[in-house]
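Quick note: the sequence shown uses numbering that gives the first Met the number 0, first residue 0, plus one each step. Glycine residues also receive a C-beta, built at the ideal position from the N, C-alpha and C atoms. Since this is a predicted model, take the numbers as computed values, not measurements. Have a look at the structure below, then the notes.
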Amino acid sequence: MNTFASIFQRPWVRALAVIIVAFAALFVHYGSLLQAPGSRLFSDTGDGLKNYYVFAYHVAHDSTLMQFDGMNHPFGEQIGYPDAQPALSGVVKLISVVVPGVQNHTVAVINLAALLGMVLTAFSIYLLLCHFGTNWVYAGLCGIALAALSPQTFRVQAAHHGLSYGWTLTLTAYFFIRTITSIKYHRWALFGGMITFIGLYLHPYTGMITASWMGFLLLIVCFPMIQRKTWSRLFYSGALVAGPIALFLLVQALTDHHTGRTAHPLGFFEYCTSWSGVLAPPSGYRSALSWSVFPWNMPQEFEATSYLGLGAMLGLIVLIPTRAIQWAHNAPLREGEVAWPTILTALFLASLPLLGFAFGLPFSETNGPYPWSIPFIGQFRSPGRFGWASYYAFGLFVMFGSWWLWRRARGFSRYAAGAFAAAIPLLYLYEANTMHTQVADSIAHHRNVLSYEGLLPEERMLIDRVDPKRYRAIIPIPHFLAGSDERLLLPDDNTMQLAMVLSYWTGLPMTAYSLARTSVTETIEQLGVMNAPWYERPIAAHYRPEDEFLLITDATPANDEEKRYLELAHPLASNGSISLASITAEVLFRDRTEELFTKLEALAGDSISNDWICSKKGATILHYPLDDPNSEHRYAGSGAYSGLKRNVNTLATVPAFTLQEGERYIASYWTYTPGALRSHALTCVAQREPTTGQEDWITCSDMRFARIVNGDWSLVELPFTVDRAEDEYRIFVEGRRTYQDTIWVDELIIRPDAATSFRVLEHDGERITKVIYNGHFLTRPR
């Protein structure tokens, strides 16, 4: 054996060679990013920028490891919920204490972790295939190929970094297999448990997918250990699976002091995978061969992509019957043949329940059972992600199987088996090339706004105008509260981006948030920040009157109240559509009921009547009291409308020729909110042609999006424009067919937009004491 060949007999040299080749393959598509990893964000909108921001803010500004204070001020959030990758951001934060300046390179750390994670995934697959008995060169090629086509790669493009780490699955699988096969199983169990725990604190989904996969694998392999009475090995195998989850839950229980989280997260049935998501990647990433094999569009939900790959499909078609025939014949091994590892079959079978769960099984939206009826399971609203375990299991099965088939073949069939073995990883690499070409192109153009060089001059100007010591927090307008499924204010993307950039560079937290599973109790309090100034706002108790807030906006305010607070604020700076202003807590939270009544008295004039008064002359105002005296709850009057949420609840139908053509109106009503997902229902204004019955839903929203809160009731507002006076306009509420609960709706009013509309209910001479104002039922304080 020559010297060169002898070098590659050393395991560490082989491992190093695989890592170098994997890195070289990565460099083909991501070379520029690897050379300047902090120069670009993979995504600069929505969740993408948010995931960079929470990591960077936590490292630079948070005072503790387990609390994130950048959003949801003054409550903040436990670090496991904001997608801050606490296993990584916590380490960087600790390093920054010893090495100042590290916090300025968090984007580079995040990008390198995501990209180099592909190399680690490839290496861990190489370890698995070598353990099964595959030739190391072929194992290295297959490891690179299988890692390259991983459906988790799409998470790199979306900057869902914590969900992109395939090695949390494959490396744990390797350590688990070593635990049940090695003499020194104790240390392998420790390593496997550590990886799963790290996975849980990179993103809870990756950790739970790994633990679930290994849990089903343990169920399969535990019987031989019980028969052999290897109790210690069984204990350590079980500890590898259950230990990280138990430790994770313990740490969460000790450090999470936020109560009232969403009990029933939404999205389970929307985010199940489908055959389209298993048989093809998203359409923009499909190869020409994929379109040839499946020549039709295969729509799929991004959250549910669990593509297996053409190589896996071809391999399974060939190998499953071949392996079944070999097993049935039970022929003894011939010289040079490789035995089929039982643990690989177990790994394959253990992934099938997770694939079934990815499809939503055993749950049914139509007939039940429902996931939220089972403790813990209902918290996983994106089951399609659990299909990722099958991607790796099927790939390992096929890649080892092709090597196994070649080693068994004799004569001419050996050439065919060799071609098949070569085709499998090449198919993976061919498809991966198409995918990575698109991904690399899409992530190469987003400037890094978390580095000073990446800021535009106007952004620097705005940041420089802010004195962080002066302000308590940032209030973005439109205000957004995205995370609690019970109450939800969706963000304007531009305003959210600006708020995050300003928050990071100033260190100021923001009252708004875009997080996950946020406390419903805290969300209801946060609604008070921009609530109407005549309702009780408990959030005010957290601030001193002299506390100042920094308002930032790059969009039209969401409602009249946000317009009001912008007008009351002191302007600081502006650039184009972007403006900064300041407002004190005393001004923001001041009760303005008396001011409103004084204004309404001036509009009413000397003669106060019970007729509707509007600042827009000749306006049409409609009031539907909805007074059902049998209703259990009511907001005003003698009763309210009640109905099963799953039905179509028509609140009112406005006859033809009632509303003025071309006018813009607001239909508003009060809805009762206590109860799990009570407000989760579609609510719309439908325009109906009376003669044909054709109906168009011209404005739709969700009752959860209500911005005005008064106790247990929220004010839903639906703006719409009357295109045809001769049409009817129907206001309705409709929930999912599976919902069993009741809705209560009261006091539907249709009024002109951008106008003051009111009706005096009670007065003492010229002094108005009770009024309906723009949908609000108000009593003057004594």
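Quick one: Cα of residue i to Cα of residue j, how far?
i, j, result
"C699", "Q34", "48 angstroms"
"T229", "L346", "20 angstroms"
"I376", "G75", "26 angstroms"
"D605", "S667", "29 angstroms"
"T304", "S289", "15 angstroms"
"R723", "V684", "14 angstroms"
"L315", "Q325", "15 angstroms"
"Q496", "L488", "16 angstroms"
"Y204", "A138", "28 angstroms"
"R409", "P10", "30 angstroms"
"W274", "P294", "14 angstroms"
"V448", "A422", "44 angstroms"
"Y270", "T171", "26 angstroms"
"L599", "N558", "19 angstroms"
"L733", "I94", "According to the sequence provided, residue 733 is Glu. The question's Leu does not apply to it. So the alpha carbons of these two residues sit roughly 53 angstroms apart."
"A635", "H622", "13 angstroms"
"I748", "V653", "11 angstroms"
"E854", "R543", "Any answer about residue 854 is impossible in this case: the structure gives the chain only from 0 up to 781."
"V715", "P673", "15 angstroms"
"R407", "L353", "32 angstroms"
"L625", "L643", "16 angstroms"
"A311", "H60", "46 angstroms"
"R633", "W743", "7 angstroms"
"A511", "E688", "41 angstroms"
"W533", "R591", "6 angstroms"
"L162", "T272", "16 angstroms"
"L579", "V708", "26 angstroms"
"F656", "L567", "39 angstroms"
"M297", "G165", "25 angstroms"
"L119", "I18", "8 angstroms"
"L550", "H541", "18 angstroms"
"P280", "F153", "10 angstroms"
"S412", "L404", "10 angstroms"
"Y671", "R645", "16 angstroms"
"L777", "D484", "29 angstroms"
"L278", "A651", "46 angstroms"
"V586", "A539", "11 angstroms"
Looking only at C-alpha atoms, which of the options sits nearest to residue i?
i, options, result
"A420", "E364, I94 and V136", "V136"
"A572", "E457, L643 and Y470", "E457"
"M362", "V721, L216 and P382", "Sequence check: residue 362 is Phe here, not Met. Checking every option, the nearest Cα to that of F362 belongs to P382."
"A188", "H632, L201 and A210", "A210"
"R536", "L526, E545 and R543", "L526"
"G206", "L343, V240, V292 and I18", "V240"
"S614", "R758, T583, T649 and I582", "R758"
"L529", "R589, A498, I577 and L507", "For the sequence presented, residue 529 should be read as Met rather than Leu. Among R589, A498, I577 and L507, the Cα nearest to that of M529 belongs to R589."
"N134", "P532, H632, G400 and A675", "G400"
"Q686", "H679, E694 and F190", "E694"
"T258", "T520, A531 and G710", "T520"
"I179", "A651, S231, A24 and T105", "S231"
"R736", "T365, A392, Y728 and P718", "T365"
"A392", "L216, S372, E594 and P370", "L216"
"L140", "M398, A262 and K183", "M398"
"L426", "L650, E631, I143 and V12", "I143"
"G710", "D492, C129 and I523", "I523"
"V465", "D491, D492, S502 and N493", "S502"
"S505", "A481, V27 and D463", "According to the sequence displayed, residue 505 carries Thr and not Ser. Taking only the C-alpha atoms, the option nearest T505 is D463."
So residue i and residue j are in contact, right, with Cβ under 8 angstroms, and what is the actual spacing, rounded?
i, j, result
"R782", "R486", "It is not possible to answer for residue 782, since the shown part of the chain is limited to 0 through 781."
"L784", "A86", "With the chain represented from 0 up to 781, any question about residue 784 goes unanswered, as that position is not in the structure."
"E545", "Y470", "With 8 angstroms as the limit, E545 and Y470 do not qualify as a contact, their Cβ atoms being about 12 angstroms apart."
"G283", "P243", "Incorrect: roughly 36 angstroms between the Cβ atoms, too far for contact."
"I219", "L348", "6 angstroms"
"S450", "G132", "The Cβ separation is near 48 angstroms, so there is no contact."
The stretch 740-755 contacting the stretch 653-672, beta-carbon criterion three pairs below 8 angstroms: Using a Cβ-Cβ distance cut-off of 8 angstroms, the stretch 740-755 and the stretch 653-672 are in contact, since at least three pairs of beta carbons, one from each stretch, lie closer than that value.
Three CB pairs or more closer than 8 angstroms across the stretch 143-151 and the stretch 423-431: The answer is yes - the stretch 423-431 touches the stretch 143-151, with three or more Cβ pairs under 8 angstroms.
Stretch pair the stretch 47-57 + the stretch 69-85: three plus CB contacts closer than 8 angstroms: Yes, they touch.
4 or more residues per run - each alpha helix (DSSP H) lying fully within the stretch 452-501: DSSP runs (the alpha helix (DSSP H)) wholly in the stretch 452-501: 456-463.
Sufficient close CB pairs (3 or more, under 8 angstroms) joining the stretch 119-129 to the stretch 168-186: These segments touch.
Every unbroken beta strand (DSSP E) within the stretch 622-686, with a cutoff of 3 residues, ordered by chain: The DSSP assignment places complete beta strand (DSSP E) segments of no fewer than 3 residues inside the stretch 622-686 at 640-643, 647-653 and 663-671, in order along the chain.
Ranges of the alpha helix (DSSP H) found wholly within the stretch 50-122, counting only runs of at least 4: With a minimum length of 4 residues, the continuous alpha helix (DSSP H) runs that stay inside the stretch 50-122 are 85-97.
Minimum length 3: unbroken beta strand (DSSP E) runs contained in the stretch 134-185: DSSP runs (the beta strand (DSSP E)) wholly in the stretch 134-185: none.
Those runs of the beta strand (DSSP E) which lie wholly inside the stretch 744-774 and span at least 3 residues: Fully enclosed beta strand (DSSP E) runs of 3 or longer: 756-763 and 766-772.
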